[in-house]
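Numbering (our numbering), first residue to last: 14 to 449.
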Amino acid sequence: MITPQEFARRRRDLMAMMGKNSIAILTAAPERVRSRDTHYPFRQDSDFYYLSGFPEPEAVLVLLPKRPDGEFILFCRERDRAREIWDGYRAGPEGARELYSADDAFPIADIDDILPGLLEGRDRVYYALGRNRAFDGRLLDWLDGIRARARAGAVPPEEFVDLDHLLHEMRLFKSAKELGVMRKAGAISARAHCRAMRAARPGLYEYQLQAEIEHAFASEGARHPAYGSIVGGGANACVLHYVENSAPLQDGDLVLIDAGCEYQHYAADITRTFPVNGKFSAPQQALYEVVLAAQLAAIAAVRAGNHWDEPHKATVRVITEGLVELSLLKGKVEDLIASNAYAQFYMHRAGHWLGMDVHDVGDYKVDNEWRLLEPGMVMTVEPGIYVAPDNRKVAKKWRGIGIRIEDDVAITRKGPEVLTAGVPKTIADIEHLMAS
Ligand code: GLY
Ligand code: MN
Ligand code: MN
Numbered sequence: 014m015i016t017p018q019e020f021a022r023r024r025r026d027l028m029a030m031m032g033k034n035s036i037a038i039l040t041a042a043p044e045r046v047r048s049r050d051t052h053y054p055f056r057q058d059s060d061f062y063y064l065s066g067f068p069e070p071e072a073v074l075v076l077l078p079k080r081p082d083g084e085f086i087l088f089c090r091e092r093d094r095a096r097e098i099w100d101g102y103r104a105g106p107e108g109a110r111e112l113y114s115a116d117d118a119f120p121i122a123d124i125d126d127i128l129p130g131l132l133e134g135r136d137r138v139y140y141a142l143g144r145n146r147a148f149d150g151r152l153l154d155w156l157d158g159i160r161a162r163a164r165a166g167a168v169p170p171e172e173f174v175d176l177d178h179l180l181h182e183m184r185l186f187k188s189a190k191e192l193g194v195m196r197k198a199g200a201i202s203a204r205a206h207c208r209a210m211r212a213a214r215p216g217l218y219e220y221q222l223q224a225e226i227e228h229a230f231a232s233e234g235a236r237h238p239a240y241g242s243i244v245g246g247g248a249n250a251c252v253l254h255y256v257e258n259s260a261p262l263q264d265g266d267l268v269l270i271d272a273g274c275e276y277q278h279y280a281a282d283i284t285r286t287f288p289v290n291g292k293f294s295a296p297q298q299a300l301y302e303v304v305l306a307a308q309l310a311a312i313a314a315v316r317a318g319n320h321w322d323e324p325h326k327a328t329v330r331v332i333t334e335g336l337v338e339l340s341l342l343k344g345k346v347e348d349l350i351a352s353n354a355y356a357q358f359y360m361h362r363a364g365h366w367l368g369m370d371v372h373d374v375g376d377y378k379v380d381n382e383w384r385l386l387e388p389g390m391v392m393t394v395e396p397g398i399y400v401a402p403d404n405r406k407v408a409k410k411w412r413g414i415g416i417r418i419e420d421d422v423a424i425t426r427k428g429p430e431v432l433t434a435g436v437p438k439t440i441a442d443i444e445h446l447m448a449s
């Protein structure tokens, strides 16, 4: 669990980088309508949660380094007996102070009266412009109000700085506690994939495997998937973000499941591909071994000191070699890599940063160079091969096969740590589990 001390440390670290006489302003995520007057389950904005642990909508977080009257201020909904009977509990400003350690807290309805006074006289404003257009407009109105009083001595801030740069660099490096939560997210998600493998059989619908997976997430306290679960049988696996999950699973096909839970605001992201009937066919096996070899080569390259692109390059080489070996590609490996010939079968990158967001924040390049991997970073490793069902350039036996294998890997001083190792991925281990 992320402790109140850790939230406080994050605010301290950010404020130390912001420097004196600055202000940071962050808004909570909005509630979103799903249907008329019902909403999607609320999910706090990751940046907002990272700095506060505060779980409610209609809130604004303000940091004011070295301000004697308080550095951490929250605006939030007031407590309201009637609203709480209908919609659930609220912390209120008192709760924001007592439970979330705000130095001061005010009703969100009072923000127009209070925030301009906090902005006035600050040299620098840290804010993620463009993320919340409605709030951008209000911020500009408050600034206009200060400028209009310039002759009366009001001093508007001089500089606007993108908050993302500092904050996302912090989020890229996971603390010991964050890694602990991510290990748990990975373990729950791995158990869920095992459950789906055991349940699979011809005639089930894709959504029934989705139900197995999401049952396993929720019953271990991971109440939401980190992204829309993908369950694609047969050629549906070739649609990279297939989320319809509505087709029946056919005997003789593979099924690709890309699903991970969110646990305490941290994501897991696992893909496994396995035979609906429990046994790989010869062509499925041949392509699977190529993807697995590519994935293992890439994981071996997830090491401090390597740069971001090295795991990806490892997958491109192994996949191109494998496709030549199996005659899906013809020519010299070096030429096929140089001409991106592999991309008709492998059209995405080998991974992404992972954290509170499934495609997590953090720069991939620094000064226009791929950045070096460092301990504390977490990424996915997820090569795949997808043979379009209408690809007439390859033998028929390959068509419509889609395979991806994805694990979550933390970079540690001792090498790569696979957070999702609890679900099998060799052919022997998968067939063994499915037979049990
Ligand atoms: N599930 C989304 C991804 O693998 O990137
Ligand atoms: Mn995935
Ligand atoms: Mn992924």
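Cβ atoms here follow ideal geometry from the backbone N, Cα and C, with glycine treated the same way.
* Asked: Who's in the neighbourhood of ligand 3, going by beta-carbon under 6 angstroms from any heavy atom, listed in chain order?
  -> Listed by position in the chain, the residues whose beta carbon lies within less than 6 angstroms of some heavy atom of ligand 3 are Asp282, His365, Thr393, Glu395, Glu419.
* If you draw a straight line from the alpha carbon of Ala165 to that of Val73, how long is it in whole angstroms? -> Going by the C-alpha atoms only, they are around 28 angstroms apart.
* **Span separating the alpha-carbon of Gly241 from that of Ala272** => Those two C-alpha atoms are separated by around 7 angstroms.
* **Expected contact under 8 angstroms - CB spacing of Gly375 and Leu185 to nearest Å** => That pair is a contact at about 3 angstroms.
* What are the start and end residues of the beta strand (DSSP E) that includes Glu430? -> Per DSSP, Glu430 belongs to the beta strand (DSSP E) from 428 to 431.
* Asked: CB Asp50 to CB Gly83, shorter than 7 angstroms?
  -> For the 7 angstroms CB-CB criterion, Asp50 and Gly83 do not form a contact.
* **Rounded C-alpha distance that separates Arg96 from Ala122** => Per the coordinates, the alpha-carbon of Arg96 lies some 15 angstroms from the alpha-carbon of Ala122.
* **Residues sharing a beta bridge with Leu76, DSSP** => The partner list for Leu76 (beta bridge, DSSP) reads Ala37, Phe85.
* Locate the alpha helix (DSSP H) running through Leu336, then write down its first and last residues. => According to the DSSP assignment, Leu336 belongs to the alpha helix (DSSP H) that extends over 322 to 338.
* With contact counted as at least three CB pairs below 8 angstroms, one residue from each stretch, are the region 37 to 49 and the region 219 to 228 in contact? -> They do not touch, by the three-pair rule.
* Report yes if the CB atom of Ala213 is closer than 7 angstroms to the CB atom of Val289, and no otherwise. => Yes, these two residues count as a Cβ contact at 7 angstroms.
* To do: List the residues that DSSP assigns as beta-bridge partners of Leu385.
  => Bridge partners of Leu385: His320.
* Can you find a heavy atom of ligand 1 that lies under 6 angstroms from the Cβ of Tyr240? -> Tyr240: yes, Cβ under 6 angstroms from ligand 1.
* Best match in Ala356, Pro388, Arg135, Trp321 for proximity to His365 [C-alpha to C-alpha] -> Among Ala356, Pro388, Arg135, Trp321, the Cα nearest to that of His365 is on Trp321.
* What residues are listed by DSSP as bridge partners for Trp366? -> According to DSSP, Trp366 bridges with Met392.
* Indicate, with yes or no, if ligand 1 has a heavy atom lying under 6 angstroms from the CB of Asp264. => Answer for Asp264: no, Cβ out of range of ligand 1.
* To do: Quick one: measure Cβ to Cβ for Thr433 and Gly199, integer angstroms, because I've assumed they're closer than 8 angstroms.
  => At roughly 4 angstroms, the Cβ-Cβ gap stays under 8 angstroms, so Thr433 and Gly199 are in contact.
* Using the DSSP secondary-structure output, state which residues sit across from Arg417 in a beta bridge. => DSSP lists Gly397 as partners of Arg417.
* What first and last residue would you give for the beta strand (DSSP E) that runs through Cys274? -> 274 to 276 is the span of the beta strand (DSSP E), which, as asked, contains Cys274.
* Asked: CA-CA distance, Val303 and Leu309?
  -> Rounded to whole angstroms, Val303 to Leu309 spans 10 angstroms at the Cα level.
* To do: Using the Cα positions of Pro129 and Glu19, report the straight-line distance between them to the nearest angstrom.
  => Pro129 and Glu19 have their C-alpha atoms spaced approximately 29 angstroms apart.
* **From Ala115, Ala307, Ala448, residue whose alpha carbon lies closest to that of Tyr355** => When each option's Cα is compared against that of Tyr355, the closest is Ala307.
* Kindly indicate which residue of Val75, Lys79, Leu87 has the alpha-carbon position closest to the one of Glu69. => Closest option to Glu69, Cα to Cα, is Leu87.
* Asked: Leu217 by DSSP, collapsed to three states: which one?
  -> Leu217: coil per DSSP, three-state reduction.
* Buried versus exposed call for Gln298 [16 or more other C-beta atoms within 10 Å across all chains shown] -> Gln298 should be labelled exposed.
* To do: Tell me where the beta strand (DSSP E) around Ile124 begins and ends.
  => From DSSP, Ile124 is part of no beta strand (DSSP E) but of the alpha helix (DSSP H) over 124 to 132.
* Quick one: complete alpha helix (DSSP H) runs, 4+ long, within the region 274 to 313? -> The qualifying runs are 295 to 313.
* Asked: Straight-line CA distance for Tyr377 to Arg94?
  -> Taking C-alpha positions only, Tyr377 is separated from Arg94 by approximately 47 angstroms.
* Do Thr433 and ligand 2 come close, with the Cβ less than 6 angstroms from some heavy atom? -> Distances taken from the Cβ of Thr433 to the heavy atoms of ligand 2 include none shorter than 6 angstroms.
* To do: Round the Cβ separation of Asp421 and Leu367 to the nearest angstrom and send it over; I've been treating them as touching at under 8 angstroms.
  => About 6 angstroms separates the two Cβ atoms, so the contact holds.
* Do three or more CB pairs link the region 396 to 410 to the region 243 to 261 at distances below 8 angstroms? -> A contact exists between the region 396 to 410 and the region 243 to 261.
* To do: Evaluate the contact criterion for the region 204 to 218 versus the region 267 to 286: three or more CB pairs, one atom per stretch, below 8 angstroms.
  => Touching, yes, given that three or more Cβ pairs across the two stretches are closer than 8 angstroms.
* Taking 6 angstroms as the line, does the beta carbon of Asp271 fall inside it for any heavy atom of ligand 1? -> Relative to ligand 1, the nearest heavy atom lies less than 6 angstroms away from the CB of Asp271.
* Within the region 105 to 175, note down every full beta strand (DSSP E) run reaching 3 residues or more, in order along the chain. => Complete beta strand (DSSP E) runs here, min 3: 117 to 120, 137 to 140, 172 to 175.
* Any 3 or more C-beta pairs closer than 8 angstroms across the region 229 to 244 and the region 318 to 335 -> No contact exists between the region 229 to 244 and the region 318 to 335.
* Report yes if the CB atom of Glu67 is closer than 7 angstroms to the CB atom of Tyr113, and no otherwise. => Rather than Glu, the amino acid found at residue 67 in this sequence is Phe. In this structure, Tyr113 lies closer than 7 angstroms to Phe67 by Cβ.
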